[in-house]
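**Student:**
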Amino acid sequence: MERRTKIYEGKAKILYETDDPDLLIQYFKDEATAFNAQKRGIIEQKGVYNNRISSVLFTYLERRGVRTHFVKQLNDREMLVKRLAIIKIEVVIRNISAGSLSKRLGLPEGKPLPAPVLEFFYKDDALGDPMINDDHVRLLGLATPREVRAIRKRALVVNNLLRKFLDKRGLILVDFKLEFGRHRRQLLLGDEITPDGCRLWDKETLEKMDKDRFRRDLGKVEEAYQEVYRRITGSQLSADFGELSRAVGSRQKP
Ligand code: TMP
Ligand code: ASP
Numbered sequence: 081m082e083r084r085t086k087i088y089e090g091k092a093k094i095l096y097e098t099d100d101p102d103l104l105i106q107y108f109k110d111e112a113t114a115f116n117a118q119k120r121g122i123i124e125q126k127g128v129y130n131n132r133i134s135s136v137l138f139t140y141l142e143r144r145g146v147r148t149h150f151v152k153q154l155n156d157r158e159m160l161v162k163r164l165a166i167i168k169i170e171v172v173i174r175n176i177s178a179g180s181l182s183k184r185l186g187l188p189e190g191k192p193l194p195a196p197v198l199e200f201f202y203k204d205d206a207l208g209d210p211m212i213n214d215d216h217v218r219l220l221g222l223a224t225p226r227e228v229r230a231i232r233k234r235a236l237v238v239n240n241l242l243r244k245f246l247d248k249r250g251l252i253l254v255d256f257k258l259e260f261g262r263h264r265r266q267l268l269l270g271d272e273i274t275p276d277g278c279r280l281w282d283k284e285t286l287e288k289m290d291k292d293r294f295r296r297d298l299g300k301v302e303e304a305y306q307e308v309y310r311r312i313t314g315s316q317l318s319a320d321f322g323e324l325s326r327a328v329g330s331r332q333k334p
């Protein structure tokens, strides 16, 4: 499948048309941003790690009945996806308090939540992605009430599946962000599932293994992505975990 016209370039990915009007190529870049692009940098090989991590996770979800935009991985940095009309809602699911939840509600980071907490944010960079509720979704015409119900249900299914999958690989799914879109009247999970949009903590050491290392200048950013990649794609799933996560943690700033 050949790349044709570039139709979108975001902070971490580029979308190209293909010969097939229904299919797009999603290209993963090494660029990283945080705090609505006020902080910028490069995470070496991130595009390669994220493309593979997403491909594995989308495949896993598809096999368990979650419909996604993923078709197949094409090469190191590209995957073939179904063309979506993206719904401008960032769906965040949280299992443990961290990030903006901790800040907003004054909860200490690391507190397990009694049940998953689901939040919607309006995907609008100019507004800084403000948090919204179902009434705002209706007001802005972002999705129908039926779609909102389906999104909630699916987000929780994805949470359960990913938690289990990651737990077996020594990772705690603290929180993550999903995006959905419409393809030929079907609601599909889109975007990516990677350490850019998930908080992943090592189960033993509680080391951060995700983009928070970049956001907060914790060091060993590439190593963390590489380690998540290794755990998610690798065939050996046990002995050397502790050692590698200690290596990630050992250079952490106080
Ligand atoms: P938050 O705690 O900053 O609201 O982030 C919650 C989750 O959403 C976290 O796993 C990172 C992800 N996320 C994105 O994917 N994109 C964003 O722009 C933000 C702010 C968070
Ligand atoms: N990706 C977002 C941005 O640059 C923020 C983040 O992930 O923290 O705006």
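Taking the numbering used here as reference, the numbering of the sequence shown is continuous, increasing by one, and the terminal residue is 334.
Every residue gets a Cβ at the ideal spot worked out from N, C-alpha and C, and that includes glycine.
1. Looking only at its chain, what residues have a beta carbon closer than 6 Å to the beta carbon of Arg144, apart from the 5 residues adjacent to it on each side?
2. From Thr313 to Ser135, what does the alpha carbon distance come to, in whole angstroms?
3. Listed by chain order, which residues have C-beta atoms less than 5 Å from any heavy atom of the ligand ASP?
4. Please classify Asp100: is it buried, with 16 or more other beta-carbons within 10 angstroms of its beta-carbon, or exposed?
5. Skipping 5 residues on each side, what residues in its chain have a beta carbon closer than 6 Å to that of Lys191?
6. Between the alpha carbons of Thr85 and Glu97, how many angstroms are there, rounded?
7. Can you tell me the Cβ-Cβ gap for Gln106 and Lys119, rounded? I've got them flagged as a contact below 8 Å.
8. Determine, using beta-carbon pairs with one atom in the region 228 to 239 and one in the region 193 to 205, whether at least three such pairs fall under 8 Å.
9. Can you list, in chain order, the residues of its chain with a C-beta nearer than 8 Å to that of Asp117? Leave out the 5 residues immediately preceding and following it.
10. If you measure between the beta carbons of Leu219 and Val254, is that distance less than 8 Å?
11. Assess contact between the region 157 to 173 and the region 286 to 296, defined as three or more Cβ pairs (one per stretch) separated by less than 8 Å. Is contact present?
12. Closer than 7 Å: is that where the CB of Lys344 sits relative to any heavy atom of the ligand TMP?
13. For Gly277, which three-state DSSP category applies?
14. According to the neighbour-count rule (16 or more other Cβ atoms, all chains shown, within 10 Å of its Cβ), is Asn155 buried or exposed?
15. Can you list, in chain order, the residues of its chain with a C-beta nearer than 7 Å to that of Leu160? Leave out the 5 residues immediately preceding and following it.
16. So, for Thr113: in the same chain, excluding its five sequence neighbours on each side, which residues have a beta-carbon less than 6 Å away from its beta-carbon?
17. According to DSSP, which residues form a beta bridge with Lys119?
18. Quick one: give me the first and last residue of the beta strand (DSSP E) that Gly261 is part of.
19. Quick check on the DSSP output: the alpha helix (DSSP H) that includes Val136 runs from which residue to which?
20. Exposed or buried, what is Tyr309 when buried is set at 16 or more other beta-carbons lying within 10 Å of its beta-carbon?
**Tutor:** The short version:
1. Leaving aside the five residues that flank Arg144 on each side, the residues in its chain whose CB is nearer than 6 Å to its CB run, in chain order, Leu241.
2. Thr313 and Ser135 have their C-alpha atoms roughly 10 Å apart.
3. Taking each Cβ in turn, the ones that pass are Thr113, Ala114, Asn116 and Ala117.
4. Note on Asp100: under 16 other CB atoms within 10 angstroms of its CB, so exposed under the neighbour-count rule.
5. Excluding positions up to five away in sequence, the list reads Ser177.
6. Cα to Cα, Thr85 sits roughly 5 Å from Glu97.
7. Contact check for Gln106 and Lys119: beta-carbon distance about 24 Å, past the 8 Å limit, so the pair fails to qualify.
8. Yes: at least three Cβ pairs fall under 8 Å.
9. The question names Asp, yet the displayed sequence has Ala at residue 117. Result list for Ala117: Lys91 and Asp205, in chain order.
10. Cβ distance not < 8 Å, so Leu219 and Val254 don't count as in contact.
11. With contact defined as three or more Cβ pairs closer than 8 Å, the region 157 to 173 and the region 286 to 296 are not in contact.
12. Because residue 344 is not part of the residues shown, which for the chain are 81 to 334, the question remains open.
13. Coil.
14. The residue in question, Asn155, is exposed, as its Cβ has fewer than 16 Cβ neighbours within 10 Å.
15. The beta carbon of Leu160 is closer than 7 Å to those of Met81, Leu103, Ile105, Val151, Lys152 and Leu154 in its chain, skipping five residues each way along the sequence.
16. Lys91 and Arg120.
17. Checking the DSSP bridge columns, you'll see Lys119 partnered with Ala114.
18. Segment Phe260 to His263, the beta strand (DSSP E) holding Gly261.
19. Note, Val136: alpha helix (DSSP H), Lys126 to Arg143.
20. With 16 or more Cβ atoms within 10 Å of its Cβ, Tyr309 is classed as buried.
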